[in-house]
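Have a look at the structure below, then the notes.
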Amino acid sequence: MSAADTAFVMVCAALVLVMTPGLAIFYGGLTRSKNVLSTMMHSFFLMGLASVLWVIYAYSLSFGTDVEGLIGGLNYFMANGVGAQPLEGQSIPQSAHLTFQMMFVIITPALISGAFAERMKFSSFTIFMIVWITFVYAPVCHWIWGGGWLQRLGCLDFAGGLVVHLNCGIAALVAALVVGKRHGYGTRPFIPNNLTLTLLGMGLLWFGWFGFNAGSELAADAVAVNAFLVTHVSAATGCLTWLIAEWMLRGKPTSLGLASGAIAGLGSITPACGFVGVGSALIIGGVAGVICYLAVLAKDRLGYDDSLDVFGIHGVGGIWGTIATGLFASKLINSAGGNGLFFGDPGQLKAQLIGVFAILVYSSVATVVILYVVKAIMGLRVSPDEEDAGVDTAVHGEVGYSL
Amino acid sequence: MSAADTAFVMVCAALVLVMTPGLAIFYGGLTRSKNVLSTMMHSFFLMGLASVLWVIYAYSLSFGTDVEGLIGGLNYFMANGVGAQPLEGQSIPQSAHLTFQMMFVIITPALISGAFAERMKFSSFTIFMIVWITFVYAPVCHWIWGGGWLQRLGCLDFAGGLVVHLNCGIAALVAALVVGKRHGYGTRPFIPNNLTLTLLGMGLLWFGWFGFNAGSELAADAVAVNAFLVTHVSAATGCLTWLIAEWMLRGKPTSLGLASGAIAGLGSITPACGFVGVGSALIIGGVAGVICYLAVLAKDRLGYDDSLDVFGIHGVGGIWGTIATGLFASKLINSAGGNGLFFGDPGQLKAQLIGVFAILVYSSVATVVILYVVKAIMGLRVSPDEEDAGVDTAVHGEVGYSL
Amino acid sequence: MSAADTAFVMVCAALVLVMTPGLAIFYGGLTRSKNVLSTMMHSFFLMGLASVLWVIYAYSLSFGTDVEGLIGGLNYFMANGVGAQPLEGQSIPQSAHLTFQMMFVIITPALISGAFAERMKFSSFTIFMIVWITFVYAPVCHWIWGGGWLQRLGCLDFAGGLVVHLNCGIAALVAALVVGKRHGYGTRPFIPNNLTLTLLGMGLLWFGWFGFNAGSELAADAVAVNAFLVTHVSAATGCLTWLIAEWMLRGKPTSLGLASGAIAGLGSITPACGFVGVGSALIIGGVAGVICYLAVLAKDRLGYDDSLDVFGIHGVGGIWGTIATGLFASKLINSAGGNGLFFGDPGQLKAQLIGVFAILVYSSVATVVILYVVKAIMGLRVSPDEEDAGVDTAVHGEVGYSL
Amino acid sequence: MKKVEVIIRPFKLDDVKEALTSLGVQGMTVTEVKGFGRQKGHKEIYRGAEYLVDLVPKIKIEMVVTDDLVDQVVERTIAAARTGNIGDGKIFVSAEERAIRIRTGETDLDAL
Amino acid sequence: MKKVEVIIRPFKLDDVKEALTSLGVQGMTVTEVKGFGRQKGHKEIYRGAEYLVDLVPKIKIEMVVTDDLVDQVVERTIAAARTGNIGDGKIFVSAEERAIRIRTGETDLDAL
Amino acid sequence: MKKVEVIIRPFKLDDVKEALTSLGVQGMTVTEVKGFGRQKGHKEIYRGAEYLVDLVPKIKIEMVVTDDLVDQVVERTIAAARTGNIGDGKIFVSAEERAIRIRTGETDLDAL
Ligand SMILES: Nc1ncnc2c1ncn2[C@@H]1O[C@H](COP(=O)(O)OP(=O)(O)O)[C@@H](O)[C@H]1O
Ligand SMILES: Nc1ncnc2c1ncn2[C@@H]1O[C@H](COP(=O)(O)OP(=O)(O)O)[C@@H](O)[C@H]1O
Ligand SMILES: Nc1ncnc2c1ncn2[C@@H]1O[C@H](COP(=O)(O)OP(=O)(O)O)[C@@H](O)[C@H]1O
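Listed below in structure tokens is the structure:
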């Protein structure tokens with residue numbers, strides 16, 4: 001066991017944890033003020049709910065003894081036997097592995113919640129999330145990181161382009177379609193209630209993302225440093241290119257565009273960060289800022305109400321980043337990784353495309369099934385009156401601001 | 001000296017430091033907007049005041065050469081001799097120990113300030129805090145962590161259930177009673193001015209608490225990882241059970257309930273986190289969420305104005321956590337700890353109860369004496385007019401928001 | 001390579017990164033609400049812009065092979081060759097060094113932006129910053145940290161008193177004069193829109209400053225711990241003395257005074273933190289709180305509109321801290337440092353004064369030239385109408401709050 | 001000239017504004033207010049404390065119009081703001097004696 | 001019908017509201033305003049700058065009532081809102097010509 | 001007594017307030033409002049969505065004054081609030097029947 005690696009992973013776990021409050025305010029600031037608390041609660045509530053599921057059984061489903069490449073066994077039920085002893089090939093207590101990964105199972109479903117902000121029933125949200133974590137997050141996590149079939153196939157996902165971003169992004173798209181539009185969407189102005197919150201949230205996300213990406217190396221080595229550096233570079237270029245694209249197309253460089261571009265850059269580099277160098281990161285982030293912006297513009301044409309653009313940013317960013325890993329990965333950066341197309345191995349790109357396809361299909365189908373079942377049993381939306389009054393007072397009995 | 005442990009403790013000290021701004025906004029968001037700054041200042045001001053007292057003499061009183069088990073000597077006056085050399089049994093420079101512990105002497109009195117928010121005189125607050133840190137915090141810290149009588153007696157407090165939470169909680173209860181109710185308490189609605197601040201504050205507290213609890217091991221080892229993990233688990237169950245209790249009793253799951261439950265879970269696991277496992281943490285946090293909620297409900301019956309529920313959450317949580325340590329502690333988790341009642345040693349529970357009783361008595365009596373003396377000399381409250389106008393403009397000459 | 005040092009530096013880099021969002025809200029809260037986003041964008045935008053310049057060429061200009069003591073060569077263009085191999089005398093991958101230093105090139109120009117908040121044109125801001133980073137930041141950084149002439153001369157600047165604080169402070173003063181006053185300055189009240197943001201921003205700055213100062217040791221050793229400790233102590237005394245000065249002179253202890261004093265203390269200890277002990281830090285911070293307060297009062301007499309007091313706090317603090325290093329530095333604290341005047345070496349003070357003088361002259365002259373060129377080409381200010389309407393809607397097409 | 005004051009549900013603002021401008025109303029002033037009336041409020045809960053909040057958010061629109069426009073204004077406002085549920089709001093009409101446009105000094109009808 | 005406009009200290013809102021409803025006033029509209037008058041303001045200090053803020057927070061209540069209620073409304077409001085210190089506020093009464101309830105189209109007294 | 005309602009640009013508040021107090025106006029009530037009129041609004045952009053915001057921030061000042069002061073109030077307000085650009089605002093004058101000072105019960109002219 002290495003004390004340095006252990007210290008590093010603990011701190012990185014804390015950094016990933018703080019992304020969820022960061023996300024809560026990032027999302028919270030974007031809704032109308034009558035829904036700011038309900039939006040924030042989605043994220044905060046998952047800090048409770050997902051964590052409890054994780055230590056009880058979801059960690060085991062994800063990382064327990066592999067069953068046919070599809071799912072983990074229940075050998076780690078209730079964190080049984082997860083203690084000071086490192087997993088094979090690791091230099092940190094397994095309890096640190098469980099802890100670090102726990103932060104991912106919080107933020108992934110929290111990201112989805114942006115799709116149905118301002119109208120989802122809290123009870124239905126709770127049930128949906130329990131089922132989604134169990135039947136979507138855990139298996140997908142197992143496939144890619146827990147020794148499942150995609151991992152064996154050589155699909156690379158350093159820190160969660162598939163497990164986290166594409167997974168949440170496509171689930172969000174499905175959820176936006178099934179839950180339906182907000183009342184007044186497209187006809188009335190929906191002005192963010194507090195962009196200072198959103199910008200600060202972006203800052204916390206960027207900060208925490210270092211733990212997310214560099215921490216995924218599970219060791220304080222040069223690969224971790226590289227991941228840290230390229231994460232930053234991609235975020236930086238993402239925010240610049242989104243801003244420039246917007247400035248050219250719409251005439252105004254907005255702070256929300258800046259923030260959105262940073263998240264696009266961060267999401268896109270996530271699968272790649274342990275495998276690509278600085279030059280590639282400049283490209284990955286730069287492309288991310290533009291294509292995610294275009295995806296967001298497309299939404300307004302297509303007319304579905306993915307309220308906080310989860311698919312446009314995380315879905316599209318996750319796809320792009322996973323493919324980019326298949327293009328730009330280099331064994332010079334990480335000998336334990338692979339070579340992408342541009343470094344001589346077209347096979348890596350193929351593995352990445354299979355990964356993208358698999359998650360797109362599985363996560364969308366599973367999410368649609370779950371949502372329709374929940375809808376049939378208990379409905380998904382608050383009543384129209386509650387929606388007009390605002391979810392905060394109607395469901396939670398609170399108001400965000402009394403300034 | 002271990003560089004890994006040193007790095008870990010420094011980062012943990014930074015994490016504990018950021019809890020105080022977190023607390024400032026947690027508290028600040030809960031008051032009426034005319035008092036938001038004065039409430040935040042209580043916390044921020046202690047980042048200055050308590051730190052200076054600490055390096056000058058309070059560290060020495062707490063950790064200097066033991067005098068009869070009651071107090072430390074003045075051998076570390078002005079941080080004299082506190083340098084690169086580790087303390088016995090530690091692997092970090094003593095200056096790191098002083099630094100890490102300094103963050104605790106900031107947040108403990110800052111927690112108290114929630115009891116008398118919106119009406120305390122700033123000058124009286126200053127004097128009260130100087131005296132309280134000297135005559136309450138320092139001795140209590142010495143008793144339990146500095147080689148004092150409670151430590152010798154075998155009372156376990158891994159990260160501050162007694163020193164921090166019970167200590168501040170009971171002082172807060174006393175202060176609420178001595179300072180008296182806010183004008184209009186119980187008759188007019190007191191609506192939190194900004195729950196987004198409060199929720200973000202909770203997020204920062206949760207984040208920083210990892211440093212608080214895991215850092216208290218002063219080494220990046222498996223015990224620290226365990227502390228980290230169970231801290232998170234207890235926070236998670238605390239927020240769930242408070243929310244559920246509230247949902248059942250009042251019909252609404254509130255975001256403030258969620259946040260309060262998380263703090264209850266965090267406070268309660270604090271003394272136990274280095275000694276108990278995940279299963280126990282699920283129970284400790286789960287019980288904390290319910291009993292702290294009931295304590296808060298009871299306040300409204302009893303009618304005292306502990307404005308931000310410091311006793312209900314930290315006091316009750318501190319008592320519960322300290323007792324729970326006597327129930328659930330296990331040498332399998334930490335061989336340097338003890339076995340609780342459920343692991344075969346009723347003696348541990350006894351030691352814990354003595355600890356609870358000692359701090360309850362000492363801190364309440366000392367706090368009441370200090371407050372009455374300050375009251376006699378200079379009064380404790382702002383004038384009724386100032387209270388109606390708001391402490392922010394009346395005392396500090398500022399307004400929180402000009403949106 | 002040391003994993004512990006690497007972990008430490010990565011985490012410190014993350015801490016320094018989070019200072020920029022902290023600064024964004026610190027500054028954002030101080031302007032009028034119609035300019036809150038444009039003010040925050042200045043900082044956030046630099047997270048993108050400065051980072052990209054840094055990895056492409058500015059790191060190389062700063063730390064590339066020395067050319068006549070004046071500038072670095074282009075050997076690290078595009079981070080070429082910056083990888084796992086540590087620089088001489090360091091125990092971390094050079095990529096970690098590049099990463100850590102990247103955070104400094106973000107926050108230094110971001111600090112300047114407070115001088116011309118609420119009126120600067122965004123396009124001109126962008127051009128100004130590109131040129132300033134290239135022609136001011138990079139050479140100054142090289143002189144002092146990259147093996148340039150000031151470093152050879154023995155001028156000490158542990159973490160950026162000259163490179164960051166004095167450099168930005170004097171540039172800010174110049175910028176305030178060249179850009180000119182805000183419309184209505186001195187005649188209409190300019191009330192901060194949201195001091196809760198400002199206070200939280202101060203908290204994040206304080207938190208991140210640990211990474212800034214302790215991380216500058218690039219190793220998790222006793223010098224780093226000392227830097228950490230004295231940083232905190234100086235911040236603490238700074239906030240106390242500013243508050244007391246204000247209380248005595250104006251009759252009110254303000255939360256903004258508290259926050260400003262903390263920043264003054266932090267800025268002032270920055271060059272000294274690796275070389276001075278706790279006692280000296282008490283003095284450095286205490287003096288900083290008073291003289292920066294007086295500098296801010298003087299501004300209102302002199303009548304220039306350094307809107308967020310960048311010169312008064314960072315400029316004056318940077319000068320004081322750099323001189324104080326020449327007074328209080330001690331080889332007992334850091335054998336790799338020097339002895340200040342009070343520890344027997346007047347030569348150190350001389351070196352410090354040369355450093356102060358050099359940066360004052362170079363940065364002010366270069367900044368004035370750059371600004372006049374940009375002004376001639378494209379102007380510096382938004383139109384009077386845009387200024388009255390607010391930069392947020394006029395330039396960025398957004399509003400900060402819709403509560 | 002008459003002053004027409006309209007109190008409506010916040011989310012109806014755009015509809016009412018549109019209805020009025022299409023009528024030829026060239027200016028109006030909008031205020032965020034809280035209304036107390038038959039519409040019942042909601043419960044808010046903060047830890048132990050429970051409050052019945054009986055002030056609900058409303059929008060007040062004030063416009064000064066020529067006498068002959070009043071009836072149409074009332075009619076169109078009702079059409080645009082009505083949901084049929086309690087709390088739709090009120091319209092009040094009162095006399096206005098003078099109006100002046102600051103920019104030009106024009107008065108009365110010319111000032112509207 | 002008369003329109004009664006009341007300007008009071010913010011913390012008196014609940015008392016006044018209660019006094020008025022007990023009188024039978026069924027509706028009112030509340031606005032957060034700032035008042036300038038004899039009550040002196042306070043000093044605000046932001047770093048070097050010092051401002052005298054002479055606009056103090058007040059609450060404005062507007063209600064349209066039948067003529068016969070006016071005297072009682074005035075009386076009760078005074079009783080509830082008075083502290084005796086400068087800044088207690090004002091009551092203004094003016095004529096209102098028409099009132100319409102949007103929900104039902106009822107007019108005048110029926111609309112209140 | 002007349003009620004004068006003035007709608008101005010926010011940044012003109014101090015100038016207008018000063019002009020009025022120098023005239024002897026002893027009290028006024030200020031509200032933050034949004035105005036719709038000839039002044040065109042601005043575009044806001046939030047990711048894909050683009051809105052034309054045609055409500056611009058304005059300040060409303062209400063004051064009740066004696067009849068003989070009205071002309072001067074109008075004149076001075078225009079002088080202080082005018083920029084000459086579209087959106088300078090309006091002044092409206094209407095009759096006020098009664099005024100009462102809550103603190104003392106004084107009425108009408110004595111109450112102002
Ligand atoms: N007498 C009144 N004077 C002034 N405003 C009133 C009066 N009655 C109602 N209002 C306003 O009209 C709003 C709607 O009235 P309410 O009685 O709730 O519903 P409805 O108009 O459907 O009868 C109230 O919230 C209040 O703002
Ligand atoms: N002439 C006026 N017209 C409109 N509002 C007024 C007038 N005079 C006073 N007010 C309002 O009444 C409030 C209280 O008035 P003030 O002169 O401070 O105290 P008092 O009512 O006790 O004499 C002011 O803050 C202002 O809002
Ligand atoms: N008929 C009206 N009734 C009430 N308020 C009006 C009316 N017309 C204009 N206003 C107010 O006056 C403001 C300025 O009017 P506008 O037409 O934009 O410019 P100008 O006064 O220069 O002609 C508007 O924003 C609105 O608040």
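From first to last, the protein sequence lines are chains H, V, A, W, B and P.
When we follow this note's numbering, the leftmost residue of the first sequence carries the number 1, and every step to the right adds one.
When we follow this note's numbering, the leftmost residue of the second sequence carries the number 1, and every step to the right adds one.
When we follow this note's numbering, the leftmost residue of the third sequence carries the number 1, and every step to the right adds one.
When we follow this note's numbering, the leftmost residue of the fourth sequence carries the number 1, and every step to the right adds one.
When we follow this note's numbering, the leftmost residue of the fifth sequence carries the number 1, and every step to the right adds one.
When we follow this note's numbering, the leftmost residue of the sixth sequence carries the number 1, and every step to the right adds one.
Quick reminder that beta carbons are idealized off the backbone N, C-alpha and C, glycines included.
Problem set entry | N-terminal and C-terminal residue of the alpha helix (DSSP H) that K375 of chain A is part of | P346 to M378
Exercise. Can you find a heavy atom of ligand 2 that lies under 7 Å from the Cβ of T29 of chain P?
Worked result: yes
For this session: Determine contact between the region 389-398 of chain V and the region 73-93 of chain A, defined as no fewer than three beta-carbon pairs at a distance below 8 Å.
Result: no
Problem set entry | Own chain, CB closer than 8 Å to S95 of chain V, minus 5 neighbours either side, in chain order | A79, V82, G83 and A84
Exercise. Along the chain, where does the alpha helix (DSSP H) that runs through M102 of chain H open and close?
Worked result: Q94 to I112
Exercise. For ligand 2, any of its heavy atoms closer than 7 Å to the Cβ of Q72 of chain P?
Worked result: no
Exercise. In this structure, does DSSP put N80 of chain H in helix, strand or coil?
Worked result: coil
Exercise. So which residues on chain B does D309 of chain A lean against when the C-beta distance must stay under 7 Å?
Worked result: R47
Exercise. For the region 168-194 of chain H, which residues have a CB atom closer than 8 Å to at least one CB atom of chain V, in sequence order?
Worked result: N194
For this session: Under 6 Å Cβ to Cβ from Y412 of chain V, same chain only, skipping five residues before and after it: list those, please.
Result: With chain V running from 1 to 403 in the structure shown, residue 412 of chain V is simply not present.
Exercise. With 8 Å set as the bound, which would you pick, yes or no: does the beta-carbon of L150 of chain A sit closer than that to a beta-carbon of chain H?
Worked result: no
Problem set entry | Meets three-Cβ-pair contact criterion under 8 Å: the region 43-62 of chain B and the region 240-255 of chain A | yes
For this session: Determine contact between the region 273-283 of chain A and the region 295-308 of chain A, defined as no fewer than three beta-carbon pairs at a distance below 8 Å.
Result: no
Exercise. Just reading off the beta strand (DSSP E) that R101 of chain W is part of, what are its end residues?
Worked result: R98 to R101
For this session: Using 7 Å as the cut-off, classify the Cβ of L112 of chain W as near or not near the heavy atoms of ligand 4, replying yes or no.
Result: With respect to ligand 4, the structure shown offers nothing to examine, as its ligands consist of ligand 1, ligand 2 and ligand 3.
Exercise. Quick one: is V82 of chain A near chain V, going by C-beta distance under 8 Å?
Worked result: no
Exercise. What residues in the region 26-53 of chain P have a beta carbon less than 7 Å from any beta carbon of chain B?
Worked result: Q26, G27, M28, T29, V30 and T31
For this session: Give every residue of the same chain whose Cβ lies closer than 7 Å to the Cβ of A262 of chain V, excluding the five residues on either side of it in the sequence, and list them in chain order.
Result: M202, W206, A235, G238 and C239
Exercise. Among V:A7, V:A115 and V:V18, which residue has its Cα nearest to the Cα of D305 of chain V?
Worked result: V:A115
For this session: Enumerate in chain order the residues of its own chain whose CB-to-CB distance from G69 of chain A is below 8 Å, with the five nearest sequence positions on each side excluded.
Result: W143, G147, G148, W149 and R152
Exercise. In three-state DSSP terms, what is D66 of chain V?
Worked result: strand
Problem set entry | Ordered list of beta strand (DSSP E) runs contained in the region 141-212 of chain V, each at least 3 residues | none
Exercise. What does DSSP give as the partner residues of K60 of chain B in its beta bridges?
Worked result: B:I7 and B:T31
For this session: Classify D68 of chain B as buried or exposed, calling it buried when 16 or more other Cβ atoms lie within 10 Å of its own Cβ.
Result: exposed
Exercise. Under the rule that 16 or more other beta-carbon atoms within 10 Å means buried, what is K40 of chain W, buried or exposed?
Worked result: exposed
For this session: Have a look at W:R98, W:G105 and W:T77 and flag the residue whose alpha-carbon is nearest the alpha-carbon of L23 of chain W.
Result: W:T77
For this session: Anything in the region 121-145 of chain V with a Cβ closer than 7 Å to a Cβ of chain A? List those residues in chain order, please.
Result: F122
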